[in-house]
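Per this note's numbering, numbering through the sequence shown is continuous, rising by one, with the last residue being 374.
No residue lacks a Cβ here, since even glycine has one placed at the ideal position from N, Cα and C.
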Amino acid sequence: MIIGTPKEVKENETRVAMNPIWAKRLVDAGHEVWIQESAGKNSGFSDEDYIAAGAKVAGTAEEIYAKAEFITKVKELQPQEFGLIREDQMIMTWFHLAEDYDKPMAQALVDQKSIGLSMELIVLDDGSRPTMKPMSDIAGSMAMLESVKYCQTVNGGTGLLLRKVYGLPTPRIVVLGGGYAGFNAAQVAVGLGLQVTIIEASWNRIDYLKAAIPEADVVLYEAHALEKLLTDCDVFINCIYPSPEPGKREPLVTRATVKKMKKCSLIMDIAGAEIVETSHYTTLGEPTFTEEGILHYCVPNMPSLCPKTATEALLMITGPYILNIANKGLKQAATDDPAIRRCISTLKGQIVHPEIGINQEMPYVEFDLSMLD
Numbered sequence: 002m003i004i005g006t007p008k009e010v011k012e013n014e015t016r017v018a019m020n021p022i023w024a025k026r027l028v029d030a031g032h033e034v035w036i037q038e039s040a041g042k043n044s045g046f047s048d049e050d051y052i053a054a055g056a057k058v059a060g061t062a063e064e065i066y067a068k069a070e071f072i073t074k075v076k077e078l079q080p081q082e083f084g085l086i087r088e089d090q091m092i093m094t095w096f097h098l099a100e101d102y103d104k105p106m107a108q109a110l111v112d113q114k115s116i117g118l119s120m121e122l123i124v125l126d127d128g129s130r131p132t133m134k135p136m137s138d139i140a141g142s143m144a145m146l147e148s149v150k151y152c153q154t155v156n157g158g159t160g161l162l163l164r165k166v167y168g169l170p171t172p173r174i175v176v177l178g179g180g181y182a183g184f185n186a187a188q189v190a191v192g193l194g195l196q197v198t199i200i201e202a203s204w205n206r207i208d209y210l211k212a213a214i215p216e217a218d219v220v221l222y223e224a225h226a227l228e229k230l231l232t233d234c235d236v237f238i239n240c241i242y243p244s245p246e247p248g249k250r251e252p253l254v255t256r257a258t259v260k261k262m263k264k265c266s267l268i269m270d271i272a273g274a275e276i277v278e279t280s281h282y283t284t285l286g287e288p289t290f291t292e293e294g295i296l297h298y299c300v301p302n303m304p305s306l307c308p309k310t311a312t313e314a315l316l317m318i319t320g321p322y323i324l325n326i327a328n329k330g331l332k333q334a335a336t337d338d339p340a341i342r343r344c345i346s347t348l349k350g351q352i353v354h355p356e357i358g359i360n361q362e363m364p365y366v367e368f369d370l371s372m373l374d
């Protein structure tokens, strides 16, 4: 199989979907690997590294898309890529098509009859999403580290040092969501000596968090309790994502609650939008804005701040899936692995994932393995 990795074109996206280690494994398995020139530069991989691994380097994205049967990317397709994708070409990336903000991309995949493999929809039998864990770990850590930075006056903050300083009140951090991202955000905050409260809805997860981070307060989610905690915190870190289900997208943190927060506080929102009513997506180029007197940071791809670590962590999870599909072909790989079946989002000019069809308000059919014949 011919596998191609273009350079990411989303603004400030620095990760790459293929590293030299996995390029070599694919080549050793008999496959042909193409990398766009300088695609791995920001992650610390030179073109020479890929060539030494047996991969081939192409000068343009057009060449990559024209050659490859299987495209591997990190972030969703950008408008300039819509016309490059081809019929029956597999594209594995974080599409986030189950969110309702990018109907043109879904339409492009349908129109071009490409095969969309949504990394965020790789779901194991226990309900976990393995590709999300390493990026959530990094995003949670970066959320706290970026909070330290954006509380500084030079970055628009009020000059609060997010560190325990004896003789002064300890800054208060509230983390909404005790999953992978929230756990890592809280770990970093505790390491800085801060007063940390994690708000979590699952009793099982609460028990785990209490044992894993005993220095933090862990409380059960309840709307009134959340509002009370936010009015007294210095940094609020949202670590949960909106529900993909229609009709369940009301913000958990309302504008009225944001108005009650201290004017010296910071909202760090890793979801970027929908959970906090005053949040909207920002980029690493322009990460912050002020709303209701509160500084907001709403970058949804914070792992791009540390692309070498993020790329290596990502390939630990996606590499085996890429190799499996390349070795067996999509039909056999999907037959053998239910997680691969679950991530097939578009096929033969149709949306084949109900979650995507419903949220995009587009026609869809239920996926069946016979569609891969």
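The C-beta of P339 has fewer than 16 other C-beta atoms within 10 Å across all chains shown, which makes the residue exposed. Ranked by Cα distance from I3, the options Y322, A67 and I241 are led by A67.
For M372, same chain residues with a beta-carbon under 6 Å away, outside a window of 5 residues either side, are L348 in chain order.
Judged by their CB atoms, A272 and P308 are not nearer to each other than the 9 Å cut-off. In this structure, the alpha-carbon of F237 lies about 11 Å from that of V254. Among the bridge pairs identified by DSSP, W35 is matched with G5 and K57.
Look at the stretch 201-238 and you find these whole runs of alpha helix (DSSP H), each 4 residues long or longer: 204-213 and 224-231. Ranking H281, P301, K264 and E9 by CA distance to the CA of E293 puts K264 first. Closest in alpha carbon position to V10, among S305, E228 and E275, is S305. Looking from the CA of K260, the closest CA among L231, I92 and H354 belongs to L231.
By the criterion of a C-beta distance shorter than 6 Å, T15 is surrounded in its chain by N43, S305 and P308, once the five residues flanking it on both sides are discounted. Residue nearest to R164 within the set Y51, K134, P135 and V197 is V197 (criterion: CA-CA distance).
CA-CA distance, G286 to Q188, rounds to 27 Å. Between S47 and G141, the alpha-carbon positions lie close to 29 Å from each other. The distance from the Cβ of E38 to that of A59 is about 7 Å, consistent with a contact at the 8 Å cut-off.
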